[in-house]
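Written out below as structure tokens is the structure these notes cover.
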Amino acid sequence: MPYTEEMRASFKQSTEKAVGTLVLDADIQQLPQDFTYREAFLRINYCSWSSRMWTLQEAVLTPRVFFQLRDGYVELEDVVKRSATGEDCSNVPVKPLLAYIHLRQYHCGTNDAASAAGSADHLAMLRQALKDRRTSNQADKRLIVANLLGMEVASVPKSTFRQVLGQEATSET
Numbered sequence: 000m001p002y003t004e005e006m007r008a009s010f011k012q013s014t015e016k017a018v019g020t021l022v023l024d025a026d027i028q029q030l031p032q033d034f035t036y037r038e039a040f041l042r043i044n045y046c047s048w049s050s051r052m053w054t055l056q057e058a059v060l061t062p063r064v065f066f067q068l069r070d071g072y073v074e075l076e077d078v079v080k081r082s083a084t085g086e087d088c089s090n091v092p093v094k095p096l097l098a099y100i101h102l103r104q105y106h107c108g109t110n111d112a113a114s115a116a117g118s119a120d121h122l123a124m125l126r127q128a129l130k131d132r133r134t135s136n137q138a139d140k141r142l143i144v145a146n147l148l149g150m151e152v153a154s155v156p157k158s159t160f161r162q163v164l165g166q167e168a169t170s171e172t
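Here's what the structure looks like:
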């Protein structure tokens with residue numbers, strides 16, 4: 000069944016209304032509840048869930064993100080908190096995982112550190128978060144960017160799509 004605009008809009012609405020998202024990914028499900036931040040970062044950052052554009056939207060638009068582990072679950076914010084307390088974290092970045100939280104704050108208008116969604120800081124963070132993510136439907140790219148900016152696709156300037164999506168978007172915009 001082909002995607003329709005209504006189906007895409009419905010996905011956004013249901014995600015925003017959800018209590019949270021439970022991520023079921025085979026790599027992450029191998030983690031025990033007593034995981035180290037280093038292992039969690041590597042598994043989350045490099046799993047297939049982190050390679051899709053739709054899952055970034057899902058993580059940003061839903062209030063909470065949970066990861067199913069081998070013997071329980073953990074919330075994304077708790078994984079990030081472990082980065083501050085773990086001995087094994089000195090060379091492991093936190094920024095990629097923090098992007099979910101910061102983008103959610105921009106989307107909800109609760110980010111005090113910078114200006115509103117669509118600011119230069121927000122666009123740079125969004126571009127970085129989308130950099131290695133893919134979707135099989137090219138039209139979805141524009142929709143996901145617009146949704147993450149809290150705007151309708153038609154109201155987002157072409158230059159913004161180019162800035163966020165990079166050179167590959169120039170032929171599509």
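The opening position of the sequence shown corresponds to residue 0 in numbering that gives the first Met the number 0, with each subsequent residue numbered one higher.
Note that CB positions come from ideal geometry on N, CA and C, so glycine has one too.
Exercise. Any contact of the segment 123-136 with the segment 48-55, i.e. 3+ C-beta pairs under 8 Å?
Worked result: yes
Problem set entry | residue 67 versus residue 145: straight-line alpha-carbon distance, rounded | 29 Å
Exercise. At which residues does the alpha helix (DSSP H) containing residue 159 begin and terminate?
Worked result: 157-164
Problem set entry | Between the CA atoms of residue 162 and residue 127 - distance to the nearest angstrom | 11 Å
For this session: Return the CA-CA distance between residue 149 and residue 104, expressed in angstroms with no decimal places.
Result: 12 Å
Problem set entry | Whole-angstrom C-beta distance between residue 55 and residue 129, which should lie under 8 Å | Confirmed, Cβ separation roughly 7 Å.
Exercise. Just curious, the alpha helix (DSSP H) that residue 28 is in, first and last residue?
Worked result: Note, residue 28: premise wrong, no alpha helix (DSSP H); not H, not E.
Exercise. For residue 102, which residues from the same chain have a beta carbon less than 7 Å from its beta carbon, with the 5 sequence-adjacent residues on both sides left out?
Worked result: 59, 124, 125, 128, 147.
For this session: Assuming residue 42 and residue 30 form a contact by the criterion Cβ under 8 Å, report the distance between their Cβ atoms to the nearest whole angstrom.
Result: 6 Å
Problem set entry | Beta-ladder partner(s) of residue 21, from DSSP | 65
Problem set entry | When 69, 79, 100 are compared against residue 26, the one with the closest alpha-carbon | Closest by alpha carbon: 69.
For this session: Answer with yes or no whether the minimum CB distance from residue 68 to chain B is below 9 Å.
Result: No chain B is present in this structure, which holds just one protein chain.
Exercise. Would a C-beta distance cut-off of 9 Å place residue 98 and residue 73 closer than the cut-off?
Worked result: no
Problem set entry | Same chain only: Cβ atoms within 8 Å of residue 152, ignoring 5 sequence neighbours per side | 141, 142, 145
Exercise. Are the Cβ atoms of residue 71 and residue 32 separated by less than 9 Å?
Worked result: It is a contact, given that the beta carbons lie within the stated cut-off.
Exercise. Under a Cβ-count criterion, where at least 16 other Cβ atoms within 10 Å of its own Cβ denotes burial, should residue 9 be classed as buried or exposed?
Worked result: exposed
For this session: Quick one: grab the DSSP three-state call for residue 38.
Result: helix
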